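Counting in the numbering used here, the sequence shown runs from 6 upward without gaps. Cβ atoms here follow ideal geometry from the backbone N, Cα and C, with glycine treated the same way. Since we're looking at a predicted model, the values are computed, not measured.
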Amino acid sequence: MVDYLILQMTVEAPFRPREKLFEKQKYYQNIHKHTYLKGPMDIITSRAIPAALAATSLFLIGRGIYNMSHGIGKME
């Protein structure tokens with residue numbers, strides 16, 4: 006009796022039903038994209054964030070070159 010209660014306490018219910026899990030697996034296995042682009046929001050992490058970082062760095066480099074060429078912000 007005690008073993009049965011301990012076994013019942015340690016077994017957790019699954020997060021999703023098996024049918025939903027199988028549907029998701031079929032969906033992701035049939036997509037002909039790279040692994041990192043299979044999710045619905047993966048375009049943000051794979052394209053938007055690197056593009057924003059590149060644009061920011063180019064802006065800061067351009068501003069630094071402009072400031073150096075015009076002598077803005079020099080220490081005296």
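Tell me which residue opens and which closes the alpha helix (DSSP H) that residue i is part of.
| i | result |
| --- | --- |
| residue 55 | 54 to 75 |
| residue 24 | 23 to 35 |
Measuring only the C-alpha atoms, how far is residue i from residue j?
| i | j | result |
| --- | --- | --- |
| residue 61 | residue 34 | 36 Å |
| residue 36 | residue 46 | 15 Å |
| residue 75 | residue 38 | 48 Å |
| residue 70 | residue 21 | 55 Å |
| residue 48 | residue 81 | 47 Å |
| residue 54 | residue 64 | 15 Å |
For residue i, which residues in the same chain have their Cβ closer than 6 Å to its Cβ, ignoring the five residues on either side in sequence?
| i | result |
| --- | --- |
| residue 78 | 72 |
Measuring from the CB of residue i, is there a heavy atom of the ligand PLP at a distance below 6 Å?
| i | result |
| --- | --- |
| residue 65 | Among the components of this structure there are no ligands whatsoever, and the ligand PLP is therefore not found. |
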